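Residue numbers (the numbering used here): 18 to 291. Read the structure below first, then the notes.
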């Protein structure tokens with residue numbers, strides 16, 4: 018791997034203050050799919066901007082609308098504090114490139130208690146997946162297609178039972194389970210968890226051939242501060258209708274605790290592999 022592939026997520030999502038409430042960032046070409054930046058990666062940048070303008074330190078919730086995809090390179094982040102409270106604050110943030118809006122997001126920012134524990138969790142899906150070492154790295158051979166640039170930056174592995182589509186068999190379950198690890202084993206935090214909930218390939222790969230599945234809207238919750246190490250991921254499609262699909266994603270840390278979850282609505286063009 019080159020030095021570029023080892024660049025920490027904290028570095029490729031770094032922002033710089035330009036003026037009060039205004040920031041700049043550089044979208045790294047290595048964190049793209051077909052030349053388009055990953056949506057969770059962009060959301061993490063906006064989350065960093067939102068956290069900088071309020072007294073709290075952790076993103077608790079985010080809702081983003083993706084208007085257009087910026088090219089790799091310089092972007093501008095602007096923020097508006099909607100409310101500052103004692104326990105949580107709300108911030109609106111916008112990403113623009115070349116003067117054109119790309120992503121609009123609203124954040125709830127608070128402080129996560131590292132000592133908090135779930136009071137009730139029976140409504141969660143089963144987090145069980147194969148051991149990380151038994152899962153298949155998402156290389157070009159594993160995916161059955163050229164590997165996106167972003168897959169050279171992270172260690173993303175999928176449970177063998179969920180890779181039948183790569184062998185030409187569509188089981189129709191619409192579920193991908195596996196593991197995600199950041200470059201050089203970097204630990205996850207609330208910002209990189211915003212990337213994690215959008216990191217897996219479309220769960221529709223197991224249902225029908227399709228082209229690019231662009232995210233239209235993404236809502237994410239950060240539920241807890243993650244333990245060190247890689248995270249387990251469950252990514253599933255729920256309904257495909259009228260050219261759109263909604264997907265749900267759940268993230269567990271190395272201790273088995275749910276630390277983030279998300280739903281998203283994406284466009285889908287069925288019957289296309291390009």
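Here a beta-carbon is modelled for each residue, glycine too, at the ideal position from N, C-alpha and C. Computed from a predicted structure; not experimentally measured.
State the Cα-Cα distance for the pair residue i and residue j, rounded to the nearest angstrom.
{"i": "residue 25", "j": "residue 213", "result": "14 Å"}
{"i": "residue 183", "j": "residue 152", "result": "14 Å"}
{"i": "residue 150", "j": "residue 207", "result": "25 Å"}
{"i": "residue 130", "j": "residue 44", "result": "31 Å"}
{"i": "residue 64", "j": "residue 36", "result": "17 Å"}
{"i": "residue 185", "j": "residue 167", "result": "24 Å"}
{"i": "residue 136", "j": "residue 66", "result": "31 Å"}
{"i": "residue 32", "j": "residue 188", "result": "42 Å"}
{"i": "residue 282", "j": "residue 71", "result": "29 Å"}
{"i": "residue 271", "j": "residue 52", "result": "31 Å"}
{"i": "residue 40", "j": "residue 94", "result": "5 Å"}
{"i": "residue 328", "j": "residue 138", "result": "The first residue shown for the chain is 18 and the last is 291, placing residue 328 beyond what the model contains."}
{"i": "residue 155", "j": "residue 101", "result": "42 Å"}
{"i": "residue 55", "j": "residue 86", "result": "9 Å"}
{"i": "residue 227", "j": "residue 257", "result": "12 Å"}
{"i": "residue 286", "j": "residue 249", "result": "28 Å"}
{"i": "residue 179", "j": "residue 195", "result": "9 Å"}
{"i": "residue 199", "j": "residue 47", "result": "13 Å"}
{"i": "residue 181", "j": "residue 125", "result": "39 Å"}
{"i": "residue 288", "j": "residue 230", "result": "12 Å"}
{"i": "residue 274", "j": "residue 247", "result": "12 Å"}
{"i": "residue 140", "j": "residue 279", "result": "15 Å"}
{"i": "residue 28", "j": "residue 123", "result": "23 Å"}
Rounded to whole angstroms, how far is the Cβ of residue i from the Cβ of residue j, which I believe are closer than 8 Å?
{"i": "residue 224", "j": "residue 191", "result": "5 Å"}
{"i": "residue 197", "j": "residue 173", "result": "5 Å"}
{"i": "residue 237", "j": "residue 79", "result": "5 Å"}
{"i": "residue 284", "j": "residue 242", "result": "At roughly 33 Å, the Cβ-Cβ gap does not stay under 8 Å, so residue 284 and residue 242 are not in contact."}
{"i": "residue 145", "j": "residue 113", "result": "42 Å between Cβ atoms; not a contact."}
Just verifying my parser: in three-state terms, what is the DSSP assignment at residue i?
{"i": "residue 95", "result": "strand"}
{"i": "residue 285", "result": "coil"}
{"i": "residue 232", "result": "strand"}
{"i": "residue 173", "result": "strand"}
{"i": "residue 68", "result": "helix"}
{"i": "residue 45", "result": "coil"}
{"i": "residue 205", "result": "coil"}
{"i": "residue 190", "result": "coil"}
{"i": "residue 224", "result": "coil"}
{"i": "residue 57", "result": "helix"}
{"i": "residue 301", "result": "With the chain represented from 18 up to 291, any question about residue 301 goes unanswered, as that position is not in the structure."}
{"i": "residue 164", "result": "coil"}
{"i": "residue 105", "result": "coil"}
{"i": "residue 181", "result": "helix"}
For residue i, which residues does DSSP report across the bridge?
{"i": "residue 112", "result": "94 and 120"}
{"i": "residue 216", "result": "Beta-bridge pairing links residue 216 to no other residue."}
{"i": "residue 148", "result": "Bridge partners of residue 148: none, in fact."}
{"i": "residue 256", "result": "263"}
CB-CB under 6 Å to residue i, same chain, minus the five flanking residues each way: which ones, in chain order?
{"i": "residue 254", "result": "191, 220, 221, 262 and 264"}
{"i": "residue 252", "result": "193, 217, 220 and 266"}
{"i": "residue 147", "result": "176"}
{"i": "residue 121", "result": "82 and 111"}
{"i": "residue 115", "result": "none"}
{"i": "residue 245", "result": "204"}
{"i": "residue 269", "result": "144, 249 and 275"}
Near residue i, which residues of its chain fall below 7 Å by C-beta distance, leaving aside the five closest residues on each side in sequence?
{"i": "residue 127", "result": "73, 75, 77, 104 and 105"}
{"i": "residue 142", "result": "251 and 267"}
Which residues in the same chain have their Cβ closer than 8 Å to the Cβ of residue i, if we skip the five residues on either side of it in sequence?
{"i": "residue 97", "result": "38, 108, 109 and 110"}
{"i": "residue 165", "result": "49, 50 and 51"}
{"i": "residue 30", "result": "42, 58, 61, 62, 65, 208, 209 and 212"}
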